[in-house]
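Chemist:
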Amino acid sequence: MTISFRFDPVELPPEAKELRQEVRAFLHQEAEAGTLSAHRGKGGFSREFSRRMGAKGWIGMTWPKNYGGQERSQLERYVVTEEMLAAHAPTRAHSTADRQSGPVILRYGQEEIRQKILPQIAAGELCFCIGLSEPNSGSDVFAASTRATKTDGGWLVNGRKIWTSNAHEADYMIALLRTSPSTKENRRHGLTQFLVEMKIPGITIRPIINLTGGHDFNEVVFDDAFLPDSHLIGEVDMAWKQATDELAYERSGPDRWIETFSSLVELVRVAGEEPDDRLAEGIGRQVAHLATLRRMSLSVAGMLQAGKTPAVEAAVVKDLGNNFEQALPDKVRLLAPPPGDAQPDSNDDRFEEALRYTTLIAPKLTIQGGTREILRGIIARGLGLR
Amino acid sequence: MSDSDNIIVDTATRIFRDLCEPATINDAETGVWPTALWDALEESGLPLAWVPEGLGGAGAAMADGFAVLRAAGRFAVPAPLAETLIAGWLLARAGLGMPAGPMTIAPVHANGHIALGKDGRLSGRARRVPFARNAGHIAVLAHRGNERLAALVATAGLSIAQDKSLAGEPRDTVSFDGAVPEAINPVDVDQDMIQRLGAAVRLQQMAGALEKILEQSVQWALDRSQFGRPIAKFQAVQHNLATLAGEVAAAGAAADLAAEACCGPDLGEAEVAIAKVRAGEAAGAGAAIAHQVHGAMGFTYEHTLHHATRRLWSWREEFGNETVWAIRLGRMVATQGADRLWPFITQDS
Numbered sequence: 010m011t012i013s014f015r016f017d018p019v020e021l022p023p024e025a026k027e028l029r030q031e032v033r034a035f036l037h038q039e040a041e042a043g044t045l046s047a048h049r050g051k052g053g054f055s056r057e058f059s060r061r062m063g064a065k066g067w068i069g070m071t072w073p074k075n076y077g078g079q080e081r082s083q084l085e086r087y088v089v090t091e092e093m094l095a096a097h098a099p100t101r102a103h104s105t106a107d108r109q110s111g112p113v114i115l116r117y118g119q120e121e122i123r124q125k126i127l128p129q130i131a132a133g134e135l136c137f138c139i140g141l142s143e144p145n146s147g148s149d150v151f152a153a154s155t156r157a158t159k160t161d162g163g164w165l166v167n168g169r170k171i172w173t174s175n176a177h178e179a180d181y182m183i184a185l186l187r188t189s190p191s192t193k194e195n196r197r198h199g200l201t202q203f204l205v206e207m208k209i210p211g212i213t214i215r216p217i218i219n220l221t222g223g224h225d226f227n228e229v230v231f232d233d234a235f236l237p238d239s240h241l242i243g244e245v246d247m248a249w250k251q252a253t254d255e256l257a258y259e260r261s262g263p264d265r266w267i268e269t270f271s272s273l274v275e276l277v278r279v280a281g282e283e284p285d286d287r288l289a290e291g292i293g294r295q296v297a298h299l300a301t302l303r304r305m306s307l308s309v310a311g312m313l314q315a316g317k318t319p320a321v322e323a324a325v326v327k328d329l330g331n332n333f334e335q336a337l338p339d340k341v342r343l344l345a346p347p348p349g350d351a352q353p354d355s356n357d358d359r360f361e362e363a364l365r366y367t368t369l370i371a372p373k374l375t376i377q378g379g380t381r382e383i384l385r386g387i388i389a390r391g392l393g394l395r
Numbered sequence: 012m013s014d015s016d017n018i019i020v021d022t023a024t025r026i027f028r029d030l031c032e033p034a035t036i037n038d039a040e041t042g043v044w045p046t047a048l049w050d051a052l053e054e055s056g057l058p059l060a061w062v063p064e065g066l067g068g069a070g071a072a073m074a075d076g077f078a079v080l081r082a083a084g085r086f087a088v089p090a091p092l093a094e095t096l097i098a099g100w101l102l103a104r105a106g107l108g109m110p111a112g113p114m115t116i117a118p119v120h121a122n123g124h125i126a127l128g129k130d131g132r133l134s135g136r137a138r139r140v141p142f143a144r145n146a147g148h149i150a151v152l153a154h155r156g157n158e159r160l161a162a163l164v165a166t167a168g169l170s171i172a173q174d175k176s177l178a179g180e181p182r183d184t185v186s187f188d189g190a191v192p193e194a195i196n197p198v199d200v201d202q203d204m205i206q207r208l209g210a211a212v213r214l215q216q217m218a219g220a221l222e223k224i225l226e227q228s229v230q231w232a233l234d235r236s237q238f239g240r241p242i243a244k245f246q247a248v249q250h251n252l253a254t255l256a257g258e259v260a261a262a263g264a265a266a267d268l269a270a271e272a273c274c275g276p277d278l279g280e281a282e283v284a285i286a287k288v289r290a291g292e293a294a295g296a297g298a299a300i301a302h303q304v305h306g307a308m309g310f311t312y313e314h315t316l317h318h319a320t321r322r323l324w325s326w327r328e329e330f331g332n333e334t335v336w337a338i339r340l341g342r343m344v345a346t347q348g349a350d351r352l353w354p355f356i357t358q359d360s
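Residue numbers (this note's numbering), protein chains in the order written: chain Z, 10 to 395; chain U, 12 to 360.
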């Protein structure tokens, strides 16, 4: 038997390379203006920054022009994404919409919604959140029980979603709601995707503070919240079909291995130009992992561009990437010169800050967006074991 | 296994599949030269892949040679195909053709040093020379003062002390004292370039061997039943194999990265370093999982798993192990500085 996954070599076309330089120039300007927050994992939340990116045509880049996109390639989008992440640019306001919500609407949304919403996303004007997890359904996505009950002209929603990042800031949510009971033949039957406007009556948002003291997560409670018919996305009861592999591929992007990158950057900074063998080796090992991951990630983008469907490859990259980025802060910690009482210089402060932040967020990295256990199950299925 | 649309790779794969059976590999370990296998390889011109046609070679692209070596790794070819390719490359860089027959290269160590005296005789010794006892000739990187030369040296008459790798393949100590080269020319290759090309070659072999053990391990898990079902149905086994798949994928990507960088004349230092570190780690981690999945049976000589795993343990140490290359890579990164780390990773691609 032959294991059928491969990571095709990929050559970035000239326009992608030029685009990278353009993005770097933009980021340089932003850095000068003080809008980049160097140590903050996924970057901060800034509607203004999102609008500036939208003005550049860097949100919804691959979408059709008649929906506000630029019809640019997957590889060009990849380049923009990785540059933004490496610079810890404040993309949180639009990144979910760009990466997931927009593509779902593009593929399955009703035309009036597509025409209204997609150009706004592309302009950097909208923030989306994802209504998937519930108190009783996390990894078991299809056990969701928040109900959408048919009524005149629309649907009434009752229940709650949890771990909803940015719900408190979002304009819209794409929610997975139960419209029918599941069946014996198909336990995934009965769930439907809907567009939810966050400011409607019947929605209450409660903050959940994470262990860094930050406010990302929320609980969203629905109490007879009304969704118009036009907000149905795709077919009733058929969300399981719409959770396509296409979206899973998005998960292999650089956001899956770059969230703790700042700790390595700052380690290199405090290492100076001539680190001893031990420190050099430690840096080298992490760079080797990172560079290999990056190549694999780029390769998946290239395969997407070529119209392939690299489902197993995407899961492999996410699993490897998440494990790498999770382990990185602790490796950095043990490689770093020990702190002391000498006059701290700005490099040390930056290092401490980067290490503190990345250490605290490390546990979530193999949980968010698909746990390690689920990913390994997906890979195992891809290997023919299940 | 011929999903390649590359005729050179297909030819090699067919030869390996037909003539490199487990018995051939085991016999080679006892000193039986795989005659049918090597003769078929010579007949196909594969050992001369990296020699230009103008020098009597096959004139294949570097990339094709690397692809053949990945297949060779997959089949655990117990013969110096890799070494003959490198030898051909070295001699060709000096404008020298090469004779028929198995060949190898020396020195293989970074601090290796074979000198050419005024009397036209070589001096010095090289340890761990792969398949020296089987080679008819050795391509030697020699020094005369600061000048570097590539020398074609017949093994007849050389003093060769035999030793083996963990995989049971020959790794002999060769004394070149008094040896007169059959041909010698100045060459623009230094010992470090030999390290880089050698590493890129071992990377292909490791990537192929890792592919093989993944296939074997998945098949084993599907075939072997305990507690009333195939062990593939146990989540612990599934997760181990998923981890193995990740390591195999990473090693393959790393080998590709290095091979691409070595298709040009400069043999990219950064890419080779990145790849050798990552694939070296993958070799160890991957072999461990494969053995774990196979249980006791995989620990026997009779089962073929060790054909790959012993080679993985051997190859990861050659032409610089993970530590050697990681230190080098770390120094490169540190010299450029923190703000150049990201551009370094993207290699402005």
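The beta carbon of each residue, even a glycine, is placed where N, CA and C say it ideally should be. In this text, all values refer to a predicted model and were calculated from it rather than measured experimentally.
Less than 6 Å between C-beta atoms, sequence neighbours within five positions excluded: which residues of the same chain meet that for Ala105 (chain U)?
Modeler: Contacts found: Ala161, Asn196 and Val198.
Chemist: What do you reckon, is the C-beta of Gln129 (chain Z) under 7 Å from a heavy atom of the ligand PLP?
Modeler: As presented, the structure is devoid of all ligands, the ligand PLP included, so that no description of it is given.
Chemist: What residues in its chain sit with their C-beta under 6 Å from that of Ala69 (chain U), if we drop five residues either side in the sequence?
Modeler: These residues qualify, in order along the chain: Gly56, Leu59 and Ala60.
Chemist: Is Val198 (chain U) helix, strand or coil by DSSP?
Modeler: DSSP places Val198 (chain U) in coil when its eight states are reduced to three.
Chemist: By the criterion of Cβ-Cβ separation under 9 Å, what are the contact partners of Gln249 (chain U) in chain Z?
Modeler: Those within 9 Å of Gln249 (chain U) in chain Z are Arg385, Gly386, Ile388, Ala389, Arg390, Leu392, Leu394 and Arg395.
Chemist: Within the 8 Å Cβ cut-off, does Asp238 (chain Z) reach chain U?
Modeler: By this cut-off, Asp238 (chain Z) is not an interface position.
Chemist: When you compare the CB positions of Arg159 (chain U) and Val212 (chain U), do they come within less than 8 Å of one another, or not?
Modeler: No. Outside cutoff.
Chemist: Quick check on the DSSP output: the alpha helix (DSSP H) that includes Val32 (chain Z) runs from which residue to which?
Modeler: First-last of the alpha helix (DSSP H) with Val32 (chain Z): Pro23 to Glu41.
Chemist: Please specify which runs of the beta strand (DSSP E), each continuous and at least 3 residues long, are wholly inside the region 351-381 of chain Z, giving them in chain order.
Modeler: DSSP runs (the beta strand (DSSP E)) wholly in the region 351-381 of chain Z: none.
Chemist: Taking DSSP as the reference, what is the three-state secondary structure of Trp324 (chain U)?
Modeler: Trp324 (chain U): helix per DSSP, three-state reduction.
Chemist: Does Met10 (chain Z) have its Cβ less than 8 Å from a Cβ in chain U?
Modeler: In this predicted model, Met10 (chain Z) has a pLDDT of only 48, less than 50, meaning its place in the structure is not dependable; the value taken from the coordinates is given anyway. Chain U contact via Cβ: present.
Chemist: Where do the ends of the alpha helix (DSSP H) carrying His224 (chain Z) lie?
Modeler: From DSSP, His224 (chain Z) is part of no alpha helix (DSSP H) but of the beta strand (DSSP E) over His224 to Pro237.
Chemist: Looking at the secondary structure, which residues open and close the alpha helix (DSSP H) in which Lys250 (chain Z) lies?
Modeler: Lys250 (chain Z) -> alpha helix (DSSP H) spans Ala248 to Gln251.
Chemist: In whole angstroms, what is the alpha-carbon distance linking Asp264 (chain Z) and Leu94 (chain Z)?
Modeler: Their Cα atoms are separated by approximately 7 Å.
Chemist: What's the gap between the Cα of Leu92 (chain U) and the Cα of Ala296 (chain U)?
Modeler: The straight-line gap from Cα to Cα measures roughly 26 Å.
Chemist: Kindly identify the DSSP beta-bridge partner or partners of Ala150 (chain U).
Modeler: The partner list for Ala150 (chain U) (beta bridge, DSSP) reads U:Ile116 and U:Leu163.
Chemist: Pick helix, strand or coil for Phe16 (chain Z), following the three-state DSSP scheme.
Modeler: The answer is coil: DSSP assigns Phe16 (chain Z) none of H, G, I, E or B.
Chemist: Buried or exposed for Gly162 (chain Z), going by 16 or more other Cβ atoms inside 10 Å?
Modeler: The residue is exposed, with fewer than 16 neighbouring Cβ atoms inside 10 Å.
Chemist: Residues of chain U with a CB under 7 Å from the CB of Asp286 (chain Z): which are they?
Modeler: Ile338, listed in chain order.
Chemist: Smallest Cα separation from Ala293 (chain U): which of U:Ala264, U:Phe310, U:Asp277 and U:Glu226?
Modeler: Of U:Ala264, U:Phe310, U:Asp277 and U:Glu226, the residue nearest in Cα terms is U:Ala264.
Chemist: Could you work out which residues of chain Z lie near Ile285 (chain U), taking near to mean beta carbons separated by less than 8 Å?
Modeler: What Ile285 (chain U) touches in chain Z: Val296, Ala297, Ala300 and Thr301.
Chemist: How long is the line joining the alpha carbons of Ala247 (chain U) and Ala72 (chain U), rounded to whole angstroms?
Modeler: Each residue's Cα considered, the two are about 43 Å apart.
Chemist: With 8 Å set as the bound, which would you pick, yes or no: does the beta-carbon of Thr315 (chain U) sit closer than that to a beta-carbon of chain Z?
Modeler: So, not an interface residue.
Chemist: Are the region 274-292 of chain U and the region 326-342 of chain U in contact at 8 Å, needing three or more beta carbon pairs?
Modeler: Short answer: they touch.
Chemist: So what does DSSP say about Ser13 (chain U), is it helix, strand or coil?
Modeler: Below a pLDDT of 50, predicted positions are generally treated as unreliable, and Ser13 (chain U), at 42, falls in that range; no measurement from the model is reported.
Chemist: Whole angstroms are fine: how far does the CA of Ala178 (chain U) sit from the CA of Ala153 (chain Z)?
Modeler: Each residue's alpha carbon lies about 53 Å from the other.
Chemist: Cβ of Leu369 (chain Z) within 8 Å of Cβ of Thr213 (chain Z)?
Modeler: For Leu369 (chain Z) and Thr213 (chain Z), no; Cβs fall outside 8 Å.
Chemist: DSSP three-state label for Arg240 (chain U), please.
Modeler: If DSSP states are grouped into helix, strand and coil, Arg240 (chain U) belongs with the strands.
Chemist: Anything in the region 319-335 of chain Z with a Cβ closer than 9 Å to a Cβ of chain U? List those residues in chain order, please.
Modeler: Residues passing the 9 Å Cβ filter: Val321, Glu322, Ala324, Val325, Val326, Asp328, Leu329 and Asn332.
Chemist: If the cut is a Cβ gap below 9 Å, which residues of chain U does Met247 (chain Z) touch?
Modeler: By Cβ distance, chain U contributes nothing, its closest Cβ being about 29 Å from Met247 (chain Z), past 9 Å.
Chemist: Just to make sure I have the definition right: I need the residues of chain U whose C-beta is within less than 9 Å of the C-beta of Ser308 (chain Z). Which are they?
Modeler: Within chain U, the residues near Ser308 (chain Z) are Ala264 and Asp267.
Chemist: If we require 4 or more residues per run, which alpha helix (DSSP H) segments fall completely within the region 90-138 of chain U?
Modeler: As far as the region 90-138 of chain U is concerned, its whole alpha helix (DSSP H) runs of at least 4 residues are 92-104.
Chemist: Helix, strand or coil: which one does DSSP assign to Asn167 (chain Z)?
Modeler: Looking at Asn167 (chain Z) - three-state DSSP - the assignment turns out to be strand.
Chemist: Identify the contact partners of Trp353 (chain U) in chain Z, using a Cβ-Cβ distance below 7 Å as the criterion.
Modeler: The contacting residues are Ala95.
Chemist: Give a yes or no on whether 8 Å exceeds the smallest Cβ distance from Glu271 (chain U) to chain Z.
Modeler: With 8 Å as the cut-off, Glu271 (chain U) counts as an interface residue toward chain Z.
Chemist: Rounded to a whole number of angstroms, what is the C-alpha to C-alpha distance between Leu268 (chain U) and Arg81 (chain U)?
Modeler: Their backbone Cα atoms lie some 13 Å apart in a straight line.
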